[in-house]
Structures are given as structure tokens and as C-alpha cells.
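Worksheet: one structure, shown below.
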Amino acid sequence: MTQQHGRHRFRCHWLSLLALVVAAMGLLLPSSAWAGRLDNAYDGNIFSLYAGDGAMVPPRNSLTDSLRRHRPAVLAFYLDDSSDCKRFAPTLSRLNGEFQAAADVIALSTDSLDPVEDAAPDNPSYYWRGLVPQVVILDRNGHVALDRTGQIPLEDLEQSLAGVSGLELPAAMAQRQTRAMEVNEINAEVVRAR
């Protein structure tokens, strides 16, 4: 009996050691990278991951440059770890593609914004209300033409930007409705209004 009891203890120790090694390997090996558009986890640059436009960050122009050159500006306040911002990124990317010749689209991570109580109008902090996503469209003279938060329809942004830039929207663009915009597919599925 003692010899059988000894073998049993030996097997239990080996099984315990094996289980410990397997558990340690599971904890020490790197986990798979999963980007989730519907969660508030940090996955990286949302414009690269969810909009196919990594060139939006850092912005090409500053608000000061836009105001000095009398160009319409779109201030887009976002966080990389916000599911709302992840879902809105394709809309902003599409807007940038359509209007980059007529306006400056300036994507600003609110992580890097310093709250300034007495900020000047050429400082993006002046316009940020503490919510994301937030879009502020300024006309050529720096006057606010649109200031909205949340999932703003692309058509609303286009109409506002067309008004401040002087560009006319093509009839097809004005009559369409944008459905869900997904990553790594056609960035915008467009259907005609019925």
C-alpha cells in the first residue's frame, strides 16, 4: 500500500507541476490583438484602425494656421479609447476626403488638450465642451457654424461645410443617406433616399 500511495503522490505532484507550467505559459504569452469598435478599450489610432485614414493624425494644419489663412476649419475632438469616437471615425475620414481642398479638418485628441479657462479663440480648448466626439465647424472668419456632439450624420456635416466653404454639394450627394460605415470594407455604404 505504501508503494502504491507513493506512486499516487508522485503522479499528483507531476500533474500539479504540469498544470502550474501550463497556467504560467498562458499568463506569460502575449495575448492576441483584438480591436473592438464597440468597446472603450484603447486599440491604437482610431483613424488607422476604423476609418482607413491614418494620415488624419497628427493634423496637417493648426487652428491658428486656418484662421490666419481665412480657411474654414473642422475641429473634431475625440478619444482613441471611446466607442462613440471609434464609430464616428469613418464619418470624419469621409468628410476630410470630400472637403480637404476647401477646409482644414483638424482631429484633436482630448487627451492632449489642456483645459484653459481663458483660452483665446485660436486655441482649440476654447471650443471643447468636455464631450466626445464633438465637431465644431468654423467659417472663414472663425465664427462657429456648427457645434455638435455624438454621432452626427455625414449629411449634416456636409451641408454645414458646404455653406461655410462656398462649395455646392452635387445633387447625388445631397440626396443620399449614409448608413453604417465600416472599417476595411467600403468605408461608406451609400443608398439613395427613398
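According to the working numbering, the residues represented by the sequence shown are 480 to 673, in order.
Built from N, CA and C at the ideal position, the CB exists for glycine as well.
Segment limits, beta strand (DSSP E) that includes residue 552: 552-557
message: In whole angstroms, give me the CA-to-CA distance for residue 605 and residue 500.
response: 55 Å
task: Identify every run of the alpha helix (DSSP H) within the segment 605-660, keeping only runs that are complete inside it and at least 4 residues long; order them along the chain.
output: 633-644, 650-654
task: Ignore the nearest five residues each way along the sequence and tell me which others in residue 594's own chain have a CB closer than 7 Å to its CB.
output: 604
query: According to DSSP, is residue 545 helix, strand or coil?
result: helix
- prompt: Should residue 685 and residue 546 be called a contact, given that it needs their Cβ atoms to be closer than 9 Å?
  reply: Absent from the model: residue 685. The displayed extent of the chain is 480 to 673, so no value can be given.
Host alpha helix (DSSP H) of residue 571 (start-end): 562-578
message: Taking 9 Å as the threshold (C-beta atoms), are residue 564 and residue 611 in contact?
response: yes
task: Provide the residue(s) that pair with residue 586 in DSSP beta bridges, ordered along the chain.
output: 555
field: Contacting residues, own chain, Cβ-Cβ under 8 Å from residue 493 (five flanking each side not counted)
entry: none
- prompt: By how many angstroms is the C-alpha of residue 548 removed from the C-alpha of residue 566?
  reply: 31 Å
Cβ-Cβ distance between residue 551 and residue 583 below 9 Å: yes
message: Going by C-alpha to C-alpha distance, which of 616, 629, 542, 649 sits closest to residue 568?
response: 629
message: Using a 10 Å radius around the Cβ and a threshold of 16 neighbouring Cβ atoms, would you call residue 632 buried or exposed?
response: exposed
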